[in-house]
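These protein sequence lines are chains X and C, in that order. Mapping to my numbering: the first sequence position 7 is 7, numbers consecutive. Just remember that my numbering sits 1000 ahead of the position in the second sequence, which is counted from 1. Ideal Cβ placement from N, Cα and C applies to all residues, glycine included. Here is the structure we will look at, set down as structure tokens.
2 protein chains.
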Amino acid sequence: MAANGSSIPPTTLSDQVLETLQAAIVEGELEPGQRLREPDLSKRFGVSRGPLREALRRLESRRLITTAPNTGARVVALSKTQLLALYDVREALEGMTCRLAAENISEEDLAGLSTLLDQHETELERQDGRDYFRQEGDLDFHFRIAMACGNSMLSTILCTDHYQLMRLYRYKFSASPGRPARALREHRRILEALYERDGELAEILMRRHIRHARDNVATLTEADVETPAANARNHP
Amino acid sequence: MAANGSSIPPTTLSDQVLETLQAAIVEGELEPGQRLREPDLSKRFGVSRGPLREALRRLESRRLITTAPNTGARVVALSKTQLLALYDVREALEGMTCRLAAENISEEDLAGLSTLLDQHETELERQDGRDYFRQEGDLDFHFRIAMACGNSMLSTILCTDHYQLMRLYRYKFSASPGRPARALREHRRILEALYERDGELAEILMRRHIRHARDNVATLTEADVETPAANARNHP
DNA sequence: CGAGCTCAAATTGTTGACAGAATTTCGCTT
DNA sequence: AAGCGAAATTCTGTCAACAATTTGAGCTCG
């Protein structure tokens, strides 16, 4: 079972385009709702439209772009409703992830999470206004738990699909004043539950944590503009 | 429940191949692990390899086929571990689905679920040996709840991705003797909770229901053969 | 001055052909 | 006769060109 871990990367052009284009979308280089014209992208990546279209189809499955026949692709633009829906999905999946992680996570990974939270604490003390990096750090915490839960299907769904969407929208909504500190405390409690191998508690705490984040977004976008662009044909 | 409601079906060749090929896989016409050669499929569907490859990429995202560079595609063949992992994902997602459905499902849909369960009861009395159709009916119950939960992301994930996989493996493991009757009772209780708009209870009952189904599979495959074919590179 | 129509340009959908990798076949050696 | 290795075949990855649809600019007309 050659896992080609080190030797050769038998990577296809479609794979490379997928990675690069996903990065461009998630890091905000391409704006939500922006139209993606195949000739443009084709020229940009130095690739013909064949592999490009395969990459687009995969990005569509990851919900990072939306497409409609004969009209092409656009960068996804979640409405407020859809963003909150994403949090509900995360609550369900990450709750389960956390329950399983309590049973399966290794001691090394637990130690790694512990040092990660220490880093977050020092960052939080130094620069409490800028929650920018904290947000990325928050996702890092969740990411590591997902990777260590021992259920490869869960890990893939969360890390490949949903976290990319979260990263895309992380820029949009900065946390409210007290949120980063509270989030850190919640992370600490979750980690305690993992140390004690208490899956039931770990799940409850993770679900509450994500629900708090959801509430934060819900109030911040109270009378906010629905992200306008081009998600007409999302749910017919 | 064909989409594109009324006017014109702006469907592309890739779409059609996706549907047809997915049906062939899910209904067992193509065996798990079987290799899918592009020229063969190309000829079979009367389509060139371009749209075909796009369809394959989407089926890969739906986890119905696995691919590796330069080696092509194969029909997915879940190991016992992966099948149980799928049940864990379902437990999380459908629990949440059920909670939301308790808040959002319409009276008509509730009535529809009620008559569906009545049908299942009569079927169960008539032919208790053949749980074949019951299994399909079981999925139908879950399918309808997913569609009515009011969270389009959850509906899509479950109906487009996971239920297809479940249908594929429904043939493999028939239920143990008393299971169909118990499953029906569990469905009835879930429906009661939905009628009472008790989201918390509905979630708990749905999770227990899916866990029971998981246990059923786990015991049935106790010393069973790992589905052999070709899922070497699934989690590197 | 704006709404609607027409036609041209650009874009998407699709195809067939070529290059390189993987698999199979066949012959050779021991 | 069995195992190994090399050549041939098949298949995947990629590209450039053709067909069909959409977009948008310019014009006409109310």
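Contact of C/Thr1020 with chain X is not assigned, every C-beta pair being separated by 8 Å or more. Per DSSP, C/Ala1101 is one residue of the alpha helix (DSSP H) stretching across Lys1080 to Asn1104. For X/Phe143, the CB contacts under 7 Å within the same chain, skipping 5 residues up- and downstream, are Cys159 and Tyr163 in chain order. Per DSSP, reduced to three states, the secondary structure at X/Arg74 is strand. Contact between the stretch 1067-1077 of chain C and the stretch 1091-1101 of chain C is absent: fewer than 3 CB-CB pairs across the two stretches fall below 8 Å. By the Cβ neighbour-count rule, C/Pro1051 is buried, with 16 or more other Cβ atoms within 10 Å of its own. Looking at the backbone, the Cα of C/Arg1090 and that of X/Glu91 are separated by about 13 Å. In this structure X/Pro180 is buried. Its beta-carbon is surrounded by 16 or more other beta-carbon atoms within 10 angstroms. With a 10 Å radius around the Cβ and a threshold of 16 neighbouring Cβ atoms, X/Gly137 comes out buried.
When the alpha-carbon of C/Tyr1169 is set against those of C/Leu1036, C/Thr1011 and C/Ser1079, the nearest one is in C/Ser1079. Proximity of chain C to X/Arg35 at the Cβ level (cut-off 8 Å) is not reached, the minimal Cβ distance being about 18 Å. Contact annotation: in the stretch 75-96 of chain X, residues whose CB is within less than 7 Å of a CB in chain C are Gln82, Ala85, Leu86, Asp88, Val89, Glu91, Ala92, Leu93, Gly95 and Met96. Taking the Cα of C/Leu1201 as reference, the smallest distance to any Cα among C/Ala1102, C/Pro1039, C/Arg1185 and C/Glu1222 is reached at C/Ala1102. C/Glu1054 has a beta carbon lying within less than 8 Å of a beta carbon in chain X. DSSP places C/Arg1063 in the coil class of the three-state scheme, outside both helix and strand.
The shortest CA-to-CA distance from C/Ala1148 to any of C/Ser1106, C/Arg1044, C/Arg1035 and C/Ala1183 is the one to C/Ser1106. Short of 7 Å from the beta carbon of C/Arg1058, and not among the five residues preceding or following it, lie these beta carbons of its own chain, in chain order: Leu1018. The alpha-carbon separation between X/Glu27 and X/Leu220 amounts to approximately 22 Å. Contact of X/Pro69 with chain C is assigned, a C-beta pair being separated by under 8 Å. The secondary-structure analysis by DSSP pairs X/Arg208 with nothing; it has no beta-bridge partner. Counting along the chain, no alpha helix (DSSP H) covers C/Gly1028, and no H or E run does either.
Close partners of C/Leu1154 in chain X (Cβ separation under 9 Å): Ala85, Asp88, Val89 and Ala92. In the DSSP annotation of this structure, the continuous segment of the alpha helix (DSSP H) that includes X/Gly112 starts and ends at Glu107 to Arg126. X/Val75 and X/Gly33 do touch by the CB rule: their CB atoms are close to 6 Å apart, below 8 Å.
With a threshold of 8 Å between beta carbons, X/Asn151 makes contact with chain C. Assignment of C/Ala1068 by DSSP, reduced to helix, strand and coil, places it in the strand class. The shortest CA-to-CA distance from C/Leu1124 to any of C/Leu1191, C/Arg1049, C/Gly1046 and C/Arg1182 is the one to C/Arg1182. Per DSSP, X/Ala183 is one residue of the alpha helix (DSSP H) stretching across Arg179 to Tyr195.
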